[in-house]
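The numbering used here numbers the first residue of the sequence shown as 52 and each following residue consecutively.
Even glycine gets a Cβ: it sits at the ideal position worked out from N, Cα and C.
Predicted model only: the values in this text are computed from it and were never measured.
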Amino acid sequence: MFETRLPISPAAVLHKPALITRSNKRLGRTPGNLDLLVIASIHKSHARDFTGNHAHNERLEFMGDAVIEHVVCQWLWSNLSDDEANLSMYKVFLIRTETLADVCKECERSSHILLSHGEEINKGREKDSILADCFEALMWYCMIDYGWEWTAQWLTTILIDPRRHLLHPHHLKNPKSLLQERCQAHYKILPIYDTQETSNDGTHIVFHSTVRLNNDILWIWSWPNKKKAEENAARDARKRLS
């Protein structure tokens, strides 16, 4: 298989027992292709810490992304009678980076990701992009080792079922859009965002987002991600205006 062409790093080899335990606990199955499960846990930064080429999960996440989208689209088509616009919005919500990162945390996979020393220092284990990529890679591993039917069922259980109550247009609107609608309806003006980037040590970046209405500060949020900082500021500003 193409996933196992490159050698696994020495640190990744030592990771195998922990992954067997986690797989038995969270997937309810003992892995058949253990090397592939290990590779699904290896971020490319970890592989680059070693001399020569070593395996990582980038190719697996490419295929896992397709598996997730297919399962989500199939479920939406079979279970909802909404129009294409709403179905597309639901799909985006379910397969977006933030949602997949949350699922990765829920199934306790974040602690088993293998990162470089630099990514560990930069809190890579908390980054949505890394968590989402790892979950996508896990889905391709499941597809290879356990088959389509089992993978689709497990993915539905862990990704879709807990979020069914959120599949409504109002829930899925971006917090900034909801705040804009409220401001336009009640004040006839738009909110203004001022987001500044700061870094105390040259590595840990924080974005401070201030949302204003008529020069009055509604809320301030700080977050390592600019988009998240603005969305959180908008969400709490809307609550203040309610």
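Where residue i sits in the DSSP three-state scheme
i    : result
H259 : strand
D267 : strand
D292 : The sequence given here places Leu at residue 292; Asp does not occur at that position. Of the three classes helix, strand and coil, the one that applies to L292 here is helix, per DSSP.
I59  : coil
R211 : Note that residue 211 corresponds to Ile in the displayed sequence, not to Arg. If DSSP states are grouped into helix, strand and coil, I211 belongs with the helices.
Separation of residue j from residue i, as counted between CA atoms
i    : j    : result
Y141 : P61  : 41 Å
R215 : N104 : 42 Å
H163 : N283 : 28 Å
L269 : K227 : 13 Å
A288 : I146 : 27 Å
E232 : K290 : 13 Å
L230 : H237 : 11 Å
G83  : D196 : 6 Å
A4   : P242 : The chain is shown only over 52 to 293; residue 4 falls outside these bounds and no answer can be derived.
E248 : H255 : 10 Å
According to DSSP, residues forming a beta bridge with residue i
i    : result
W274 : F258
Q247 : H259
L165 : I93
Residue i classed as buried or exposed, judged by whether at least 16 other C-beta atoms fall within 10 angstroms
i    : result
I181 : buried
E200 : exposed
I240 : exposed
Min CB distance residue i to chain B below 8 Å
i    : result
E171 : Although the question refers to chain B, the structure presented lacks it and comprises just one protein chain.
Requested in this report: Take every Cβ of the region 246-265, pair it with every Cβ of the region 278-290, and state whether three or more of those distances are shorter than 8 Å.
Outcome: yes
Query raised in the report: Using 8 Å as the Cβ pair cut-off and three pairs as the minimum, do the region 100-116 and the region 188-200 touch?
Result: Taking 8 Å as the limit for Cβ pairs, the verdict is that the region 188-200 does touch the region 100-116.
Query raised in the report: Is it a yes or a no for the region 93-111 touching the region 159-173, going by three-plus beta-carbon pairs under 8 Å?
Result: yes
Query raised in the report: Hey, is the region 117-129 in contact with the region 203-219, meaning 3+ C-beta pairs nearer than 8 Å?
Result: yes
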